[in-house]
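The block underneath contains the structure these notes are about, expressed in structure tokens.
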Amino acid sequence: MNMSATIERSFKPADYKSSVKPVWCPGCGDHSVLLSFQRAMAELALAPENVAVVSGIGCSSRIPAYTNCYGFHGVHGRSLTVAAGLKVARPDLTVVVASGDGDGFSIGGNHFLHACRRNIDLTYIVMDNRIYGMTKGQPSPTTEPDWDTAIAPGGTGLSPFHPLVVALASGANFIARSFSGDLGGTARMIVEAIRHPGFSFLQILSPCVTFRPDQQKGWKDIVRNAVVPETDDPGRAARRLMTDDGFNTGVLYRGKRPPYQPAPLASMDPSQLETEFDI
Amino acid sequence: MTHQSSPTLSVVLTGSGGAGVMTAGQTLLDAATGCGLYGLMTRSSGPQIRGGEAAAMLRFGAQPVLCHGDRFDVLVAFDFENLQRFAAEIPMDATGLIIADPAAGETPEFLRKTGARVVHVPMAKLAKAVPGGRVSMVALGALARLIGLPEDSIVGAVAKSVGKKKPEAIAASERGVLAGAAAAADIEPGARLVTPPAADKPRWSLTGNEAAGLGAIKGGVRFVAGYPITPATEILEWMAPALQKTGGVLVQAEDELASINMIIGASFGGVPSLTATAGPGLSLMIESIGLAVASETPVVVVDVMRSGPSTGIATKSEQSDLNIAVYGLHGDAPHVVVAPLDVGDCLMTAQWAVHLAESLQTPVTMLSDQALGQTRAVIDKPAEASFPTRRAVWTNDGEAYARYALTPSGVSPMALPGVEGGQYTADGLTHNVKGTPSSQAKDHIDQLDKRRHKLEAFDYGAHWAEIDGDGDIVVVTWGSASAPIREALAAARAQGHRIKLVALRLIAPAQPDRLAAELAGARRVLIIEQNHSGQLWRYLRAHCDLPAHVTPIHRSGPLPFRPGEISAHLQKGLES
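Protein chains in written order, with the numbering used here: chain A, 111 to 389; chain B, 2 to 577.
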């Protein structure tokens, strides 16, 4: 690669957009997330070929092909692990992981815990619409207990999963929330998340207009910037997140744990390994 | 490759937890190796995590020894606690010798019934009588005297393992060995070791799991993710420091779903990658192996097979994962399955597996097993293998890039992240040549054809099988069953029988033309494998034109095939 050419390149949001037309419904919050992502990339001025967007399965997980970055659209629930392997093997890349509330918190729940704990330098964006959209409207871990669906008539009766609290308890070092309808705010959060060294978790409230029409208007009216100073104290953050109604946006916790990046110790020729077997 | 025409001696050391059985076994192997012998050692233990009864099974010979024999010549019992558990694993007969501590009480019924001669050495008492004495050293001293192994070779092996910094430990070992040898001086010996002239060839001592790890690194693997599982863990434990030294990294994943996806991610980034597991882990990985097929991401999955299904017997061998390795994936998902044939062959086969994965941009599953992985063998240093072909990568030539372009070979150059102009999204969704998701019939069929074609058009060369001998009776086998079969064939050939062996290293894709050529003119074909349902036999029936007279011979683990058992089957085949 020609480094001088790289330095001279400047980027516009459109440089991060591919020619593939999204499958999302008109009005879906994910369209806005894609726009915010493009803005964030342009602001960070990362060359598209040095960014990898990794995802699993679901509406939000279709995003990699809509960007002009390298992309990996894998199986359901495993995006964080594909991304972890990629980042450890290729620390030079910026790796962004895109997921949804079903992909990330249900089938991929275990990997969420361990990604927070492992603290590899990944940016984890979860587009949370509190529903399984691609399979046409089943409750997800973040769905309200009384939300009536065909598979759970009258509602699940289950307490919703609180991803930000779980992230904090699992050791995540950067925890933030934004609303897809606020393009500028979401772009800012993506920029901050990518700049943060180590694992950063951004929940984006991204309405499903088809199966959760209530969200479109309701969330717009209710989301607000968190009017509290940023904290690096996990105790304060825990109290804040536990009492949070799920609609405060901004960076809600920023810790200082160093990222995990195993460095190879040496570059010995493999044939030297053989000496331990000699008799 | 083994052919046990020269005499061997088999020894089993048994005792309860803390008696030092495994360490003593290792010392004995090192001592015999120091005298120029070849040998192998297999560990067997009860279900306890630590302690409990244990057996170290060893076999020595002047020529390489790659499997256990039909019976043990000598059993050394540090005590008789729970020895009954090993009854089926320790065949003995009236020619055998049992060295026991008189304080251990009565010889168990199953041993008495073999007719083996029981001799007594007061191991515990003698160990107490010498400063720093240990039962295991007294036992090895007595054993050395009775099988004709120089006693100083035992002390030499101890010195080598504890290092020069502990002269006290070495002196204590020597006192124990000498006390044991003295106590055995008046005992009539049984079978004796035939010590060869000093070996002049370079030799190695390693396990199949270590060999697989080394082969993988020699093949270019620099990223490993894995989750602990018996009997594959040693691959991970050996590779972790070895990768650090060679510029690579190992990540312990949270589960096998993570392991396989981490290596897919690393390989997408351009780094040859591997995971190692056993049957339960392979079951969890299957969905993502299909992802590697569809996204054409090279990865190697080593399955060290154990008795299944479910948790099965985690510490015992079986060749029963062929079906899941070949057929486990949903959809039409052609991929590669290979199997090493003996402990040393784990090296070359792992190296070859990396080569195939990288060259074909496909997942390769390597079916090793517990009998190979956890057996330590002394072998001639393997010949250097070299596989020059690597992954085809895309360089920006100014042309528009299509990741899944249809090419004559079926392999299309892969753009690695960081290369400008090569951006694409690797996808498990059916996609067109550019990688864009598509539900069009033509794209689906084109990509299915492409992925099948690249595996079929590839020249796998001579490594697909080891062919040995000639004759109108042909034995077809795979994996670890090969070694006892080779030994049985050597015995049959010594009696003038002409029998050919085809030991398959390449399981999938099937090689019907190559196999047909090897089976041409065969009067009878025996297909031998260690699983309950005849998985290879059924697989070959599905893919190959087999002659009319095929005899499938298969049985489950946990007990290993022994050469005599194979000989009996051969005899039936020769008579019919």
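Virtual Cβ for every residue (Gly too), placed ideally from N, Cα, C.
CB contact below 9 Å: residue i versus chain A
{"i": "residue 452/B", "result": "no"}
{"i": "residue 210/B", "result": "no"}
{"i": "residue 80/B", "result": "no"}
{"i": "residue 195/B", "result": "no"}
{"i": "residue 428/B", "result": "yes"}
{"i": "residue 23/B", "result": "no"}
{"i": "residue 395/B", "result": "no"}
{"i": "residue 388/B", "result": "no"}
{"i": "residue 215/B", "result": "yes"}
{"i": "residue 322/B", "result": "no"}
{"i": "residue 9/B", "result": "no"}
{"i": "residue 205/B", "result": "yes"}
Nonlocal neighbours in the same chain, by C-beta distance under 7 Å from residue i, ignoring five residues either side
{"i": "residue 262/A", "result": "249"}
{"i": "residue 178/A", "result": "125, 126, 127, 128, 158"}
{"i": "residue 545/B", "result": "511, 513, 516, 517"}
{"i": "residue 23/B", "result": "44, 55, 57"}
{"i": "residue 562/B", "result": "482, 485, 531"}
{"i": "residue 239/B", "result": "210, 211, 214"}
{"i": "residue 125/B", "result": "102, 104, 136"}
Candidates the options: closest to residue i by CA position
{"i": "residue 244/A", "options": "138/A, 377/A, 354/A", "result": "138/A"}
{"i": "residue 437/B", "options": "120/A, 151/A, 293/A, 173/A", "result": "173/A"}
{"i": "residue 276/B", "options": "301/B, 343/B, 390/B", "result": "301/B"}
{"i": "residue 281/A", "options": "365/A, 257/A, 217/A, 334/A", "result": "365/A"}
{"i": "residue 352/B", "options": "333/B, 384/B, 370/B", "result": "384/B"}
{"i": "residue 371/B", "options": "343/B, 396/B, 362/B", "result": "343/B"}
{"i": "residue 299/B", "options": "325/B, 337/B, 324/B", "result": "337/B"}
{"i": "residue 265/A", "options": "310/A, 254/A, 192/A, 212/A", "result": "254/A"}
{"i": "residue 388/A", "options": "558/B, 73/B, 378/B", "result": "378/B"}
{"i": "residue 340/B", "options": "330/B, 400/B, 357/B", "result": "357/B"}
{"i": "residue 323/B", "options": "265/B, 136/B, 368/B", "result": "368/B"}
{"i": "residue 219/A", "options": "351/A, 277/A, 194/A, 269/A", "result": "277/A"}
{"i": "residue 459/B", "options": "442/B, 363/B, 327/B, 334/B", "result": "363/B"}
{"i": "residue 284/A", "options": "341/A, 271/A, 221/A, 192/A", "result": "341/A"}
{"i": "residue 292/A", "options": "191/A, 188/A, 357/A, 196/A", "result": "357/A"}
{"i": "residue 293/B", "options": "309/B, 260/B, 312/B", "result": "260/B"}
C-beta neighbour in chain B for residue i, strict 9 Å
{"i": "residue 364/A", "result": "no"}
{"i": "residue 382/A", "result": "yes"}
{"i": "residue 378/A", "result": "yes"}
{"i": "residue 128/A", "result": "yes"}
{"i": "residue 174/A", "result": "yes"}
{"i": "residue 242/A", "result": "no"}
{"i": "residue 114/A", "result": "Low confidence applies here, because residue 114/A scores a pLDDT of 47, under 50, leaving its location unreliable and the question unanswered by this model."}
{"i": "residue 212/A", "result": "no"}
Residue i - containing alpha helix (DSSP H), residue span
{"i": "residue 568/B", "result": "564 to 576"}
{"i": "residue 306/B", "result": "Residue 306/B -> not in any alpha helix (DSSP H); beta strand (DSSP E) instead, spanning 300 to 306."}
{"i": "residue 221/A", "result": "219 to 228"}
{"i": "residue 123/A", "result": "Residue 123/A -> no alpha helix (DSSP H), and no H or E assigned at all."}
{"i": "residue 453/B", "result": "442 to 458"}
{"i": "residue 131/A", "result": "No alpha helix (DSSP H) contains residue 131/A, which DSSP labels as neither H nor E."}
Extent of the continuous beta strand (DSSP E) to which residue i belongs
{"i": "residue 39/B", "result": "39 to 46"}
{"i": "residue 350/B", "result": "That residue, residue 350/B, is in no beta strand (DSSP E); its alpha helix (DSSP H) goes 346 to 361."}
{"i": "residue 469/B", "result": "466 to 469"}
{"i": "residue 197/A", "result": "Where residue 197/A is concerned, there is no enclosing beta strand (DSSP E), although the alpha helix (DSSP H) it sits in stretches over 189 to 199."}
{"i": "residue 205/B", "result": "204 to 208"}
{"i": "residue 180/A", "result": "180 to 183"}
{"i": "residue 428/B", "result": "426 to 428"}
6 Å Cβ shell around residue i - same chain, five flanking residues per side excluded
{"i": "residue 176/A", "result": "128, 130, 132, 144"}
{"i": "residue 315/B", "result": "231, 307"}
{"i": "residue 31/B", "result": "158"}
{"i": "residue 121/A", "result": "152, 155"}
{"i": "residue 264/B", "result": "226, 274, 276, 300"}
Residues of its chain near residue i, where Cβ-Cβ distance is below 8 Å and the 5 sequence neighbours each way are ignored
{"i": "residue 54/B", "result": "15, 16, 17, 18, 46, 47, 82, 83, 84, 86, 87"}
{"i": "residue 134/A", "result": "140, 141, 169, 172"}
Proximity test, residue i beta-carbon vs the ligand ZN heavy atom, cut-off 8 Å
{"i": "residue 394/B", "result": "With respect to small molecules bound, the structure shown includes none, and the ligand ZN cannot be examined in it."}
Length at least 4, wholly inside the segment 287 to 359 of chain A: the alpha helix (DSSP H) runs in chain order: Listed in chain order, they are 293 to 305, 323 to 332, 344 to 352.
Which parts of the segment 63 to 93 of chain B are runs of the beta strand (DSSP E), unbroken and 3 residues or longer, counting only runs that do not cross its ends? The beta strand (DSSP E) runs lying completely inside the segment 63 to 93 of chain B and spanning 3 residues or more are 75 to 78, given in chain order.
Within the segment 209 to 266 of chain B, note down every full alpha helix (DSSP H) run reaching 4 residues or more, in order along the chain. 209 to 220, 234 to 246
List, from N- to C-terminal side, the alpha helix (DSSP H) runs of 4 residues or more that fit wholly inside the segment 473 to 545 of chain B. For the segment 473 to 545 of chain B, whole alpha helix (DSSP H) runs of length 4 or above, ordered along the chain, are 483 to 495, 513 to 520, 536 to 544.
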